[in-house]
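Visitor: Be aware that the sequence shown starts at 269, since it is given in this note's numbering, and climbs by one per residue. Yeah, the Cβ is synthetic: ideal placement off N, Cα and C, and Gly gets one too. Would you mind keeping the following structure in view while I ask a few things?
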Amino acid sequence: MALSEKLIRILRSNTILSELELNDLTERQGWDIVYALKPKAEPKIEICFTGFSPTEKSVLTKLAEENNFHIAKSITVNLNFLCCGENAGPSKIKKAEEQNVISLSAEEFHNLIETGEIPQNTYS
269 MALSEKLIRI
279 LRSNTILSEL
289 ELNDLTERQG
299 WDIVYALKPK
309 AEPKIEICFT
319 GFSPTEKSVL
329 TKLAEENNFH
339 IAKSITVNLN
349 FLCCGENAGP
359 SKIKKAEEQN
369 VISLSAEEFH
379 NLIETGEIPQ
389 NTYS
């Protein structure tokens, strides 16, 4: 069975397959190749900000987004960092501790952005 015209156009423009190789493919094999071409999204580093004033949190969130972090609103299974302000709640800190999430102060977060250095895993 011949490949659909749409699939042939996509394969010709996105692969180096020869006409002979294209003719040997099934529709399913062709689409498998197309879907394999899609770049996989790089997982983002996840951070949650807690215990900050709305203004402070907004500034930190913007900085995190500019540096390709995913901003979590709570402690999630994929959370990498919990950035704690002066009013961080003990239950959120405890849950982060239980998941071995790295706790940061705002200063440590800024240092992480500037240097890439991760501080020792200490909790507020």
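In terms of alpha-carbon separation, which member of Asp-292, Leu-380, Leu-350, Glu-273 lies closest to Gly-319?
Guide: Mapped onto the sequence shown, residue 319 falls at position 51. Checking every option, the nearest Cα to that of Gly-319 belongs to Leu-350.
Visitor: Whole angstroms is fine: what's the gap from Leu-285's alpha carbon to Ala-309's?
Guide: Residue mapping note: residue 285 aligns to position 17 of the sequence shown, counting from 1. Residue mapping note: residue 309 aligns to position 41 of the sequence shown, counting from 1. Straight-line Cα distance between these residues: approximately 25 Å.
Visitor: So what's Ala-340 in DSSP terms, helix, strand or just coil?
Guide: Counting from 1 along the sequence shown, the entry for residue 340 is found at position 72. Ala-340: strand per DSSP, three-state reduction.
Visitor: Please report the straight-line C-alpha distance between Glu-366 and Thr-283, rounded to a whole angstrom.
Guide: Indexing the sequence shown from 1 puts residue 366 at position 98. Indexing the sequence shown from 1 puts residue 283 at position 15. Glu-366 and Thr-283: Cα-Cα distance of roughly 47 Å.
Visitor: Could you name the residues of the same chain whose beta carbon sits closer than 6 Å to that of Leu-328, not counting the 5 residues immediately before and after it, in chain order?
Guide: The count along the sequence shown starts at 1 and reaches residue 328 at position 60. Counting only Cβ-Cβ distances below 6 Å, and skipping sequence neighbours, we find Phe-317.
Visitor: Can you round the beta-carbon distance between Phe-337 and Ile-315 to whole angstroms, since I take them to be within the 8 Å contact cut?
Guide: Residue mapping note: residue 337 aligns to position 69 of the sequence shown, counting from 1. Residue mapping note: residue 315 aligns to position 47 of the sequence shown, counting from 1. Correct: roughly 5 Å between the Cβ atoms.
Visitor: Please report the Cβ distance between Ala-364 and Ile-381, rounded to the nearest whole angstrom; I am assuming they are in contact, meaning their Cβ atoms lie under 8 Å.
Guide: Locating residue 364 in the sequence shown gives position 96, where the first residue counts as 1. Locating residue 381 in the sequence shown gives position 113, where the first residue counts as 1. Rounded, the Cβ-Cβ distance is 20 Å, inconsistent with contact.
Visitor: According to DSSP, simplified to helix, strand and coil, what is Ile-318?
Guide: The sequence position of residue 318 within the sequence shown is 50, counting from 1. This sequence places Thr at residue 318; Ile is not what is there. DSSP places Thr-318 in strand when its eight states are reduced to three.
Visitor: Of all the options Glu-334, Lys-325, Lys-306, Lys-330, which has the alpha carbon lying nearest to the alpha carbon of Ser-373?
Guide: As a first step, residue 373 is located in the sequence shown; it is residue number 105 there, counting from the start. Out of Glu-334, Lys-325, Lys-306, Lys-330, Lys-325 has the C-alpha closest to the C-alpha of Ser-373.
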